[in-house]
Amino acid sequence: MNDISFDDFLKVELRVGRVLAAEVFAEARKPAYKLQVDFGPEIGIRKSSAQITQLYQPHDLVGRLVVGVVNFPKKQIGPLMSECLITGFHNADGHVALCVPDGDVPLGTRLL
1 MNDISFDDFL KVELRVGRVL AAEVFAEARK PAYKLQVDFG PEIGIRKSSA QITQLYQPHD
61 LVGRLVVGVV NFPKKQIGPL MSECLITGFH NADGHVALCV PDGDVPLGTR LL
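Right, dumping it as structure tokens:
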């Protein structure tokens with residue numbers, strides 16, 4: 001593991017968003033969902049692809065708070081232009097569990 005400075009950490013914009021829509025990403029190479037996430041008035045709504053199909057159903061994701069990196073460059077994933085990276089952790093089975101706030105916080109709040 002490499003040490004980083006606090007200034008390095010501050011370069012990563014980790015923000016809270018709320019999932020507005022989730023649907024199966026049929027064109028993805030690996031099972032995934034297409035998400036629309038609202039990061040509040042300053043950042044707006046961003047699209048993303050998330051490989052979280054083992055632990056979540058699309059209808060269960062709508063309305064949930066998530067943590068996303070909002071300052072990565074956009075990335076083309078098949079027909080989807082991903083505009084953020086939704087964060088999560090691999091569990092013991094290798095499935096991705098979302099990284100989420102422990103309570104309700106305003107959309108767009110930055111992780112510090």
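Numbering of the sequence shown is given in full-length UniProt numbering, commencing with residue 1 and proceeding in unit increments.
Even for Gly, the Cβ is constructed at its ideal location relative to N, Cα and C.
- Query: Do the stretch 71-82 and the stretch 52-59 touch if we need at least three Cβ pairs shorter than 8 Å?
  - Reply: no
- Query: In its own chain, which residues sit with a C-beta less than 6 Å from the C-beta of C99, not counting the 5 before and 5 after it?
  - Reply: Along the sequence shown, read from residue 1 onward, the residue named residue 99 stands at position 99. Cβ neighbours of C99 beyond the five flanking positions: V67, T87, G88.
- Message: Could you tell me the alpha carbon to alpha carbon distance between L107 and D7, rounded to whole angstroms?
- Response: In the sequence shown, residue 107 corresponds to position 107, counting from 1. In the sequence shown, residue 7 corresponds to position 7, counting from 1. Whole-angstrom Cα-Cα distance: 23 Å.
- Can you grab the Cα-Cα spacing for the pair R15 / V70, in whole Å? Sequence index remark: in the sequence shown, residue 15 carries index 15 (1-based). Sequence index remark: in the sequence shown, residue 70 carries index 70 (1-based). Going by C-alpha positions, R15 is about 7 Å away from V70.
- Rounded to a whole number of angstroms, what is the C-alpha to C-alpha distance between V24 and K34? Residue 24 sits at position 24 when you count from the first residue of the sequence shown. Residue 34 sits at position 34 when you count from the first residue of the sequence shown. Approximately 6 Å, taken between the alpha carbons.
- Tell me, to the nearest whole angstrom, how far the beta carbon of S48 is from that of V37; I am working on the premise that it is less than 8 Å. Here residue 48 corresponds to residue number 48 of the sequence shown, with the count starting at 1. Here residue 37 corresponds to residue number 37 of the sequence shown, with the count starting at 1. About 6 Å; that satisfies the 8 Å criterion.
- Proximal residues to V105 (C-beta, below 6 Å), its chain only, five neighbours per side dropped: Sequence index remark: in the sequence shown, residue 105 carries index 105 (1-based). Excluding residues within five positions, the ones whose Cβ falls inside 6 Å are V16.
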